[in-house]
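Asker:
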Amino acid sequence: MKKTKRLLMIFTACAIAFSTGLAKTEPVKAATVKCNTKTISQKYSEAMEPGWNLGNSFDSVGSAGETSWGNPVVTKKLIKEVKKQGFKSIRIPFTAFGRVGAAPNYTIDKTFLNRYTEVVDWALDEGLYVMVNLHHDSWEWANYINADDDNGVSMAEYKAVWTQLADNFKKYPSKLCFESINEPSFKNHSGDVSTEVQMQRLAAVNTEFRNIVRNSGGKNSTRMLVLPTLNTNNSDDRCESLYNTISGFKDPNIMATFHYYGYWPFSVNIAGTTTFDSTTVSDLTSSFNRAYNHFTAKGIGVVTGEYGLLAFDSSSSAIEHGELLKYFEYINYYAKSKGISLMLWDNGNLFSRTNYSWSDPALYNMLKSSWKERSSYSQSDMVFVKAEDSSKDITMNLTLNGNTLKAIYNGKDKLSLGKDYTYSNGAVTLKGSYVSKFINGSYGTKTTLTLKFSKGEPWNVNINYYKTPELSQATGTTSNFNIPVAFNGSKLSTLEAVYADGSGAGPQGWTTYKQYTDAFVPNYSTNLLTLTPNFFNSCNDGVITLKLHFQSGEVLQYNITKNGTTVKSN
């Protein structure tokens, strides 16, 4: 993917079907893949699990080489640390754009290729499986391959680049695999072409790629090749088209790949999809079921070359943390049950490339547990309590995933079953007499309870003391508008913006619920809610009603009036 994730294909805004406010449901239980005899590509995929992407380094575009997009120089220490985290494979995206000479040879810059090769060597020395690919070339120039108005220029460059890469690595061990192209899409210089035409062009690309590699000598005659679906999307037509290509080769050393960043509204926090609800689960299971049915069930190994959440590129807080953890727990479980390996996309914001620590240790702990077993969780990791409700019991339903609750702790102190809480039929009830001890003083998170289960990662529940947020008057411009908010311990979940007729205001007008960070940004340290210039760029003049939805369940209304570039509250 690009420095900021590019959503190429999955959703057309006006065509999204979604449901808000869905009740929590027990996620679908997957049928575990059972094969008496696994094929070569299936075994290869299995051996790669779990995988990690060295994103935004050798795929970055710019004169500064691997540091062009802000990441530090890749070190041998980094590769060693990646291995220590438990990863078995590493995808090292490679972009040739800006690093090749003129036609007809398109010679890859020797210094850059040697440096890239050095990092590949480090990864192989650590015993990792390594995936080499062409990355951002897919949208810089390779999308014109076989275009009606390209005169064969882009295909010639593609063949020249892969001829050099294949020759460079032809003596390398079988743990090195080649991916033909990242997230392929195609068009003419004069405009777009149909999906069917794009799939035909991808088939031609994958065929040329295979021919080049297989005829390049050395160990490339049997090297594992990874072929993507169009847009690395898992739709039935794209999967079937790729299956037809692969099956036609009659080559056992070929895998399929697609990418998955979750149900789009959940992945970016838009359209009111703020929880890992049944629609989000269904999108995930349907996606992996399609890949399984088209490939795995027919003996073709599958690797999800990139997975994660799109919101990671804009804000670590766009997705509520507990819901984020549920997503990563479930996708690792479900993909494994379908025999599909996963490679985590990391452009430098997850695992530090300087101090070798995780920006979100809880996420890593959940990942690590999910590689071997299921984890359990409650319906939310946040509990909000007002002073007047402090004596009331709080019931939390659990999703056990086959585990049993063993105990609840507050730090080192074990809660007393019967006195501090009760447990029955998969539901924990915290006694008001216990919770009330924490509901005093300043607003915010007062304590964190840890639920420990028979297996999997412990689950934290944050007890928050709050009162209803207070909104103040504001005046500003479309380029600088901030609403003073005394959050009082509350957390904003999402925001609606509507005109007087009830239609959506701002960008993504097909929904009244706006996208986190794209349209609005809360700042809890400054007690401000910012409406972004991008929000106002899509707003008509007049009154706009904002509805602030908080994680506590409270909804507050706030009216503003836009008049040209001037904005003020009513």
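Under mature numbering (1 follows the signal peptide of the UniProt record, and there is no 0), the letters of the sequence shown match residues -30 to -1, 1 to 540, in that order.
Ideal Cβ positions, reconstructed from N, Cα and C, are used throughout, including at glycine.
#1: Go ahead and pull the three-state DSSP assignment for residue -7.
#2: Once the 5 residues before and after residue 68 are set aside, which same chain residues still bring their CB inside 7 angstroms of it?
#3: Helix, strand or coil for residue 383, going by three-state DSSP, please let me know.
#4: In terms of residues, what are the limits of the beta strand (DSSP E) holding residue 517?
#5: Roughly how many angstroms lie between the CA atoms of residue 444 and residue 164, to the nearest whole one?
#6: Determine the contact status of residue 270 and residue 11, defining contact as a CB-CB distance below 8 angstroms.
#7: Going by the DSSP bridge assignment, what does residue 492 pair with across the sheet?
#8: In angstroms, rounded to a whole number, what distance separates the CA positions of residue 403 and residue 457?
#9: Does the beta-carbon of residue 121, which I'm using as the reference point, lie nearer than 7 angstroms to any heavy atom of the ligand NAP?
#10: Among the residues of its own chain, which have a CB less than 7 angstroms from the CB of residue 372, if the five just before and after it don't count?
#11: Give me the Cα-Cα distance between residue 109 and residue 131, rounded to the nearest whole angstrom.
#12: Could you have a look at residue 344 and say whether DSSP puts it in helix, strand or coil?
#13: Let me know the secondary structure DSSP gives residue 147 once reduced to three states.
#14: Please tell me whether residue 312 and residue 277 are closer than 8 angstroms, where the distance is taken between their beta carbons.
#15: For the 8 angstroms Cβ check, are there 3 or more pairs between the region 40 to 54 and the region 164 to 173?
#16: Hey, would you say residue 119 sits closer than 8 angstroms to residue 159, going by beta carbons?
#17: Locate the alpha helix (DSSP H) running through residue 264, then write down its first and last residues.
#18: Give me the Cα-Cα distance between residue -9 and residue 127, rounded to the nearest whole angstrom.
#19: Select from 351, 298 and 356 the residue whose C-alpha is nearest the C-alpha of residue 338.
#20: Excluding the 5 residues preceding and the 5 following residue 379 in the sequence, name in chain order all residues of the same chain whose CB lies nearer than 6 angstroms to its CB.
#21: Work out the CA separation of residue 359 and residue 257 for me, nearest whole Å.
#22: Does the beta-carbon of residue -6 have 16 or more other beta-carbons within 10 angstroms, so that it is buried, or is it exposed?
#23: Note the first and the last residue of the continuous beta strand (DSSP E) segment covering residue 433.
#24: Closest to residue 94 by CA distance: which of 76, 62 and 427 is it?
Answerer: In short:
#1: Since pLDDT at residue -7 reaches only 40, below the 50 mark, its modelled position is unreliable, and no value is offered.
#2: 31
#3: The three-state reading of DSSP puts residue 383 in strand, counting E and B together.
#4: 512 to 520
#5: Taking the Cα positions, residue 444 is about 48 angstroms away from residue 164.
#6: Going by C-beta atoms, residue 270 is nearer than 8 angstroms to residue 11.
#7: 499
#8: 26 angstroms
#9: The ligand NAP is not part of this structure, which contains no ligands at all.
#10: 344
#11: 15 angstroms
#12: coil
#13: strand
#14: Yes, they are a contact pair.
#15: no
#16: The beta carbons of residue 119 and residue 159 sit closer together than 8 angstroms.
#17: 248 to 264
#18: Residue confidence is low: residue -9 scores 35 on pLDDT, short of 50, so the model does not pin down where it sits. No coordinate-derived value is stated.
#19: 298
#20: 420
#21: 43 angstroms
#22: With a pLDDT of 42 at residue -6, under the threshold of 50, the modelled position of that residue is not reliable, and no figure is offered here.
#23: 429 to 435
#24: 62
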